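S.K.: Below you will find the structure I want to go over with you.
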Amino acid sequence: MVFTPEAAFTTRPTLTGTFGMAASTHWTATATAQAVLERGGNAFDAAVAGAFVLHVVEPHLNGPGGDLVALIHPADADSPRVLMGQGPAPTAASIAHMRAEGLDLVPGAGALAAAVPGAVDAWLLLLRDHGTWELGDVLAFAIGYARDGHPLVAGAAATIARVADLFRDAWPSSAALWLPGGTVPAPGAMITNPAYAEVLHELVRASGATPGDGPSGRVARIDAARREWKTGRVARTLAAFAARPHRHSDGRDHAGVLTAEDIAAFDAEYERPIVSSFRGHEIVKAGAWTQGPALLSVLGMLEPLEDSLLDPSQEAGAHRILEAQKLAYADRDAWFGDTDVDVEALLSPDYLQQRRDLIGDTASLELRPGSLGGRTPILPPVRTGAPGSAAGTGEPTVDRTGHTRGDTCHIDVVDRWGNIVSATPSGGWLQSSPTVPEVGFCLGTRLQMTWLEPGRPSSLAPARRPRTTLTPTLVLRGGRPVMALGSPGGDQQDQWQLLVLLRTLVGGYSPQGAIDAPALHTTAVTDSFWPRTWSPGGAVVEDRLGDRVIDGLVTRGHRVTRAGDWALGRVSAVGRHDDGVLWAAANPRGMQGYASGR
0 MVFTPEAAFT TRPTLTGTFG MAASTHWTAT ATAQAVLERG GNAFDAAVAG AFVLHVVEPH
60 LNGPGGDLVA LIHPADADSP RVLMGQGPAP TAASIAHMRA EGLDLVPGAG ALAAAVPGAV
120 DAWLLLLRDH GTWELGDVLA FAIGYARDGH PLVAGAAATI ARVADLFRDA WPSSAALWLP
180 GGTVPAPGAM ITNPAYAEVL HELVRASGAT PGDGPSGRVA RIDAARREWK TGRVARTLAA
240 FAARPHRHSD GRDHAGVLTA EDIAAFDAEY ERPIVSSFRG HEIVKAGAWT QGPALLSVLG
300 MLEPLEDSLL DPSQEAGAHR ILEAQKLAYA DRDAWFGDTD VDVEALLSPD YLQQRRDLIG
360 DTASLELRPG SLGGRTPILP PVRTGAPGSA AGTGEPTVDR TGHTRGDTCH IDVVDRWGNI
420 VSATPSGGWL QSSPTVPEVG FCLGTRLQMT WLEPGRPSSL APARRPRTTL TPTLVLRGGR
480 PVMALGSPGG DQQDQWQLLV LLRTLVGGYS PQGAIDAPAL HTTAVTDSFW PRTWSPGGAV
540 VEDRLGDRVI DGLVTRGHRV TRAGDWALGR VSAVGRHDDG VLWAAANPRG MQGYASGR
């Protein structure tokens, strides 16, 4: 059989033009990025401006207290780089300390789960090194929305509603900000955050206090803002607030361990990416301190198969995609972390062939990591959840204790000079831990992705980065970027990106057609979020896949959850054709993500 053709109808056009393109998970961030391009800024200026707006307009999906992974390819560079904005565990965050607190898992909500905030420093580093604008001009958009207000999106209102009792009963500072007048704000209500506006003003003032002309003066001014963020009022205030005992997702009160010294010690930086080939393209991911190399493993397992077996819209293809992902994510859980991971061995042809040979005609109900270099894989202890329940539809899920799965946002920008960026900021959600009233945001909970059993690559250790789910993607052809994409969704981020890659690079779909097409993912992986469950054989599908495909998956032994017609996937993407024409596309699900450009 041939690859299923693209549907004639798409929810939106794939935008094309020659000037510049932006796409993100929120229309205001996309419009902000496009506005920067229109005023002469480059893709990096635009991405940073849009990202700070995301802090304001998607506070349930990311915040200044969170983290960031981005992939960049400047037009004058020979190769892409990773922008690393993932802060490490604080120096006092140890397995022994967590055990002494009576915990067997790092909590899913509360400052004890906070890594060092990394996103803000990373964005400022990107602006310093690859942008062209002054900090005040870049932050003016976010300052305006925080000071003057913005309409609250429905997802944020729903999140606040779920945790309203927690805010009222245990997190009064969060109630003061997010429950104006004591009630849950309605979707579309105007929301302000003057405390965060003042934080951004302080960064601008710090940059303005450093004189100097030309590029070196601009670098010094942005570095002054970075120092203010890491050593000034914000850092001291965050540390002091975190040290006060407060309610965590285990139902008890704990104090956080983050200190001002921890914040001051972190520097965002650039890293070499992991690059693997697929069907004449180079796929670029961050290292194994993220889940990114798992996508490369899946693509490596699938590449030799005939096209129809890479088609998510056919039963045989959907089955093999699900099974390959189970194997790749079992390897993620056994081997990935902020340690010396042998990614080359994991992506070697011989190893991928061994993994490919494990894919049978029926669904596996086991976690099956492979053996590397004769070493026996050791999986962490996991709890079994109901089929499809570990991450449900991949929607941001929040319970009344504040623990959250899968929340994040994404932004992509490409400009007329050929600069391109794909960035996935996350963490510091409004439901992560109590709002620090003096600064208008809270700390993140990325340490929930670490284990409290020693000796594993992703075990909690002081000053070690937690293995993150954040995983943007760049696609190159002949060494030049042709696509930047990413998605929210926790453990589903790369699963949904995989579908877009297969449909564009193998099926020949347009970007918007690939994003619109029916999606699926497996939940038969260890959940990266508290309480760390997995669902043997679990698969979640959009009904638009059709009864024949879905029933076939059930017959093969997959424990299928139907999610509705338009429930899965949050991918946005931008790119550049060989003739220089730029394009952009964005997810229609949830009626929030948008692309813009000309």
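The sequence shown lines up with residues 0 to 597 when you count with our numbering.
The C-beta atom is built at its ideal place from N, Cα and C for all residues, glycine as well.
Note that this is a predicted model, so its numbers are computed, not measured.
Could you check which residue in Val183, Thr191, Asp164, Pro210 has the C-alpha nearest to that of Gly439?
M.R.: Ranking Val183, Thr191, Asp164, Pro210 by Cα distance to Gly439 puts Thr191 first.
S.K.: What residue ranges within the region 460-524 form continuous beta strand (DSSP E) runs of no fewer than 3 residues, ordered along the chain?
M.R.: Correct list: 472-476, 479-485, 519-521.
S.K.: Where does His402 fall in DSSP's three states?
M.R.: Because His402 sits at a pLDDT of 46, beneath the cut-off of 50, its placement in the model cannot be relied upon, and the following sentence gives the value as read from the coordinates. Coil, per DSSP.
S.K.: Cutting at 6 Å between CB atoms, please list the residues of its own chain near Tyr593, excluding the five before and the five after it.
M.R.: Excluding positions up to five away in sequence, the list reads Trp26, Thr29, Ala585.
S.K.: Determine the direct distance from the alpha carbon of Asp493 to that of Arg555, and round the result to whole angstroms.
M.R.: When rounded, the distance between both Cα atoms is 24 Å.
S.K.: Would you mind sorting Asp630 into buried or exposed? The rule is 16 or more other CB atoms within 10 Å of its CB.
M.R.: Any question about residue 630 goes unanswered here, given that the chain covers just 0 to 597.
S.K.: Have a look at the DSSP bridge pairing and note the partners of Phe440.
M.R.: Looking at the DSSP assignment, Phe440 forms a beta bridge with Val435.
S.K.: Select from Asp339, Gly40, Ala224, Pro214 the residue whose C-alpha is nearest the C-alpha of Ala121.
M.R.: Here the closest residue by C-alpha is Ala224.
S.K.: Looking only at its chain, what residues have a beta carbon closer than 7 Å to the beta carbon of Ala462, apart from the 5 residues adjacent to it on each side?
M.R.: So the list reads Pro87, Ala88, Thr90, once near-sequence residues are dropped.
S.K.: What does the alpha-carbon distance come out to for the pair Thr258 and Gly117?
M.R.: Going from the Cα of Thr258 to the Cα of Gly117 covers about 14 Å.
S.K.: Three-state secondary structure (DSSP) at Glu5?
M.R.: Note: Glu5 maps to coil in three-state DSSP.
S.K.: Just the C-alpha distance for Leu104 and Leu138, rounded to the nearest angstrom, thanks.
M.R.: Cα to Cα, Leu104 sits roughly 38 Å from Leu138.
S.K.: I need the DSSP call for Leu178, collapsed to helix, strand or coil.
M.R.: Of the three classes helix, strand and coil, the one that applies to Leu178 here is coil, per DSSP.
S.K.: State the DSSP-derived secondary structure class of Ile320, mapped to helix, strand or coil.
M.R.: Looking at Ile320 - three-state DSSP - the assignment turns out to be helix.
S.K.: How many whole angstroms separate the CB atoms of Ala661 and Asp411, which I take to be in contact at a CB cut-off of 8 Å?
M.R.: Examination of residue 661 is not possible in this model, given that the chain is present from 0 through 597 alone.
S.K.: Applying the criterion that 16 or more other CB atoms from any shown protein chain within 10 Å of the CB defines a buried residue, is His576 buried or exposed?
M.R.: Answer is exposed; the Cβ neighbour count stays below 16.
S.K.: For my contact list, Pro517 and Ser275 are in at a C-beta cut-off of 8 Å; report their separation, rounded to the angstrom.
M.R.: About 26 Å separates the two Cβ atoms, so there is no contact after all.
S.K.: Within the same chain, show all residues whose beta-carbon is closer than 7 Å to that of Asp564, passing over the 5 residues directly before and after it, in chain order.
M.R.: Glu541, Asp542, Arg543.
S.K.: What residues match up with Ser595 in a beta bridge as DSSP calls it?
M.R.: The partner list for Ser595 (beta bridge, DSSP) reads Ala21.
S.K.: Would you call the region 277-289 in contact with the region 338-350, where contact means no fewer than 3 C-beta pairs closer than 8 Å?
M.R.: Touching, per the Cβ criterion.
S.K.: Report the residue ranges of all alpha helix (DSSP H) runs contained in full by the region 100-131; include only those spanning at least 4 residues, in chain order.
M.R.: Taking only runs of at least 4 residues, the alpha helix (DSSP H) segments lying wholly in the region 100-131 are 118-129.
S.K.: Are Pro4 and Gly454 touching if we call contact CB-CB under 9 Å?
M.R.: Not a contact, by the Cβ cut-off of 9 Å.
S.K.: Go ahead and pull the three-state DSSP assignment for Ile190.
M.R.: Strand at Ile190.
S.K.: Quick check on Glu197: does DSSP put it in helix, strand or coil?
M.R.: It is helical.
S.K.: Report yes or no: do three or more beta-carbon pairs, one from the region 140-154 and one from the region 5-18, lie closer than 8 Å?
M.R.: Judged by Cβ distances under 8 Å, the region 140-154 makes no contact with the region 5-18, as fewer than three pairs qualify.
S.K.: The beta strand (DSSP E) spanning Asp136 covers which residue range?
M.R.: Here Asp136 belongs to no beta strand (DSSP E); instead the alpha helix (DSSP H) covers 134-147.
S.K.: Rounded to whole angstroms, what's the CA-CA distance from Leu176 to Ala7? Just pull it up for me.
M.R.: Taking the straight line joining both Cα atoms gives about 46 Å.
S.K.: Taking contact to mean at least 3 C-beta pairs separated by less than 8 Å, is the region 29-49 in contact with the region 408-427?
M.R.: These segments touch.
S.K.: Verify whether the separation of the beta carbon atoms of Arg445 and Ala69 is less than 9 Å.
M.R.: Taking 9 Å as the Cβ cut-off, Arg445 and Ala69 do not qualify as a contacting pair.
S.K.: Could you pull out every residue in the same chain whose Cβ sits closer than 6 Å to the Cβ of Val361, ignoring the five residues on either side in sequence?
M.R.: For clarity, residue 361 is Thr in the given sequence; the question names Val instead. Cβ within range, chain order: Arg555, Gly556.
S.K.: With a threshold of 16 other CB atoms inside 10 Å of the CB of Pro214, please say whether the residue is buried or exposed.
M.R.: It counts as exposed.
S.K.: Give every residue of the same chain whose Cβ lies closer than 8 Å to the Cβ of Val580, excluding the five residues on either side of it in the sequence, and list them in chain order.
M.R.: The residues are Thr15, Gly16, Thr17.
S.K.: Find out if the Cβ-Cβ distance for the pair Leu301, Leu346 is shorter than 9 Å.
M.R.: Not a contact, by the Cβ cut-off of 9 Å.
S.K.: Ile221 and Leu134 look like a contact to me (Cβ under 8 Å); what is the Cβ gap, rounded to whole Å?
M.R.: Contact holds; Cβ gap of about 6 Å.
S.K.: Does DSSP put Ser173 in a helix, in a strand, or in coil?
M.R.: Helix, per DSSP.
S.K.: Can you say whether Pro79 is buried or exposed, counting buried as having 16 or more other CB atoms within 10 angstroms of its CB?
M.R.: Flag for Pro79 reads buried.
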